[in-house]
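Following: one structure in C-alpha cells, then a few remarks.
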Ligand code: B12
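Numbering (my numbering), first residue to last: 17 to 313.
Right, dumping it as C-alpha cells:
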C-alpha cells in the first residue's frame with residue numbers, strides 16, 4: 017500500500033478540485049509536505065485524518081489505494097449498529113475479508129473511534145462467532161479465520177494512523193502466559209495508537225517479567241495487561257503484585273482489563289487500575305495525554 021499521494025489524487029478521492037485542496041492546506045486544515053524535487057505530497061494518514069475531521073465523502077477510494085471501500089457508497093446514510101453487526105458477521109463468516117475490512121474502515125472514516133469499533137461491532141461479532149465452535153468443526157475454522165481477519169484489519173488501521181510526534185508517551189502491553197488471545201491486546205495497542213501513544217504490543221503468551229522489562233526498557237507511561245484466559249487467583253495475585261511493583265517503580269500506570277480480569281486479583285495502589293472496555297481505556301489515555309505537557313515543563 018502506498019503511503020503518500022499527490023494533491024490531485026486526494027482531490028479525486030474526495031471529489032473536489034485541486035484548488036480547494038490547496039486552499040485547505042494553506043489554511044492548515046491538511047498537512048502537505050514537499051518531495052526533494054519540490055512536489056507536494058500528502059501522507060495517507062493525513063488524508064484520512066482530514067476526511068474524518070471534515071466529514072468529506074470518499075467518492076473514489078481507489079485513488080488512495082483503498083480498494084476495499086469501493087462498495088461503500090459515498091453519500092449513503094451510515095448503517096445502524098444492528099445492520100453493521102449483521103453485515104460484518106456475514107462478511108467474516110463467509111470469509112469475505114476485503115468486505116469486512118471495508119466495513120470497518122468505512123465506519124472509521126465516517127467518524128467512529130477505534131475504541132467504539134472495538135467495543136461495538138468487532139467485539140459483538142467475535143462473541144457471536146464464538147458460539148459456532150460448539151456446533152461444528154467448520155465453526156472452529158470460521159472462528160480462526162475471523163480472528164485472523166480482525167488482526168489484519170486492526171494492523172491495517174495501525175498503519176493508517178499518523179506516526180506519533182517525537183516525545184509522545186509510550187505504552188507497552190501484552191496478554192500473560194497461557195493466554196492465547198491475540199485480539200484484546202492488539203485492540204489495546206490500536207486504541208492507544210489512535211490516542212497518539214507510541215505502542216509496543218508484545219501480544220499473547222508473554223511472561224510477566226518480560227512485560228515489566230519492556231515497560232522499563234521503553235520508558236512506558238502506560239502498561240496494559242489483557243486477561244482473557246482463566247487465571248487462578250492465588251497464583252495470579254503474587255505475579256501481578258510483582259509486575260505492579262516494577263511498573264510503579266518506573267512511574268508508569270498499570271492498566272488491567274479483559275474478560276477474565278477481576279479487581280480482587282490486583283493490589284489497591286494508585287498506579288494500578290482495572291477497567292473494562294476500550295472506551296474507558298481511551299478516556300483514561302486521553303487524560304494522560306492531556307496532562308503530559310504540564311508534567312514535562
Ligand atoms: C477466537 C477465540 C479463540 C481462539 C483465539 C485465537 C487468537 N489467536 O486470538 C483460540 C482458538 C485460541 C481459542 C481457544 C479456546 N477457546 Co476461545 N474464543 C475465541 C472467541 C471466538 C473470540 C475471542 C476474542 O478475540 N474476542 C474479541 C475480544 C476483543 O473480546 P473481549 O475478550 O470480550 O474483549 C473486550 C473486553 O473484555 C475489553 N478488554 C479486553 N482486554 C482488555 C484489556 C484492557 C487493558 C482493557 C482496558 C479492556 C480489555 O475490550 C474488548 C473489546 O470490547 C471467543 C468468543 C468470545 N465471547 O469472546 C471464544 C471463547 C472465549 N473461547 C472459549 C473456549 C471454550 C475456548 C477453548 C477452551 C476451546 C477448546 N476447547 O480448546 C480454548 C481455551 C483457550 C485458553 N487457553 O483459554 C469460550 C470461553 C467460555 C468461557 N466460559 O469462558 C468462548 C467465550 C466461546 C464460547 N462462546 O463458548 N479461542
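Don't be surprised by glycine CBs; every beta carbon is placed ideally from N, CA and C.
query, result
"For residue 25, does the count of other Cβ atoms within 10 angstroms reach 16, so buried, or fall short, so exposed?", "buried"
"Should the segment 160-170 be called in touch with the segment 179-189, which here means at least 3 C-beta pairs below 8 Å?", "no"
"Could you spell out where the beta strand (DSSP E) holding residue 240 opens and where it closes?", "238-242"
"Give me the Cα-Cα distance between residue 143 and residue 52, rounded to the nearest whole angstrom.", "49 Å"
"Got a sec? Which residues, its chain only, sit under 6 Å from residue 130 by beta carbon, not counting five neighbours each side?", "206, 207 and 210"
"Kindly indicate which three-state DSSP category residue 290 falls into: helix, strand or coil?", "strand"
"Reducing DSSP to helix, strand and coil, say where residue 37 ends up.", "helix"
"Apply the 10 Å Cβ neighbour rule to residue 100 and answer buried if 16 or more other Cβ atoms are within range, or exposed otherwise.", "buried"
"So, residue 198 versus residue 219, is the Cβ gap smaller than 8 Å?", "yes"
"Suppose the cutoff is 8 Å on Cβ atoms and the five residues either side in sequence are ignored; what does the same chain contact list for residue 313 look like?", "Unreliable positioning characterises residue 313 in this predicted model, as indicated by a pLDDT of 36, which lies under 50. The coordinate reading is nonetheless provided below. Counting only Cβ-Cβ distances below 8 Å, and skipping sequence neighbours, we find nothing."
"With a 10 Å radius around its C-beta and 16 neighbouring C-beta atoms as the bar for buried, classify residue 258 as buried or exposed.", "exposed"
"Roughly how many angstroms separate the alpha carbons of residue 127 and residue 272, rounded to a whole number?", "27 Å"
"Please classify residue 30: does DSSP put it in a helix, a strand, or coil?", "helix"
"Can you look up residue 312 in the DSSP assignment and give me helix, strand or coil?", "Caution applies to residue 312, whose pLDDT of 42 falls short of 50 and renders its modelled position unreliable; the model cannot decide the point."
"For residue 280, which three-state DSSP category applies?", "helix"
"Residue 245 to residue 221, Cα distance in whole Å?", "10 Å"
"Which word fits residue 55, buried or exposed, when buried means at least 16 other C-beta atoms lie within 10 angstroms of its C-beta?", "exposed"
"What residue range does the alpha helix (DSSP H) around residue 235 cover?", "Run containing residue 235: none; DSSP gives neither H nor E here."
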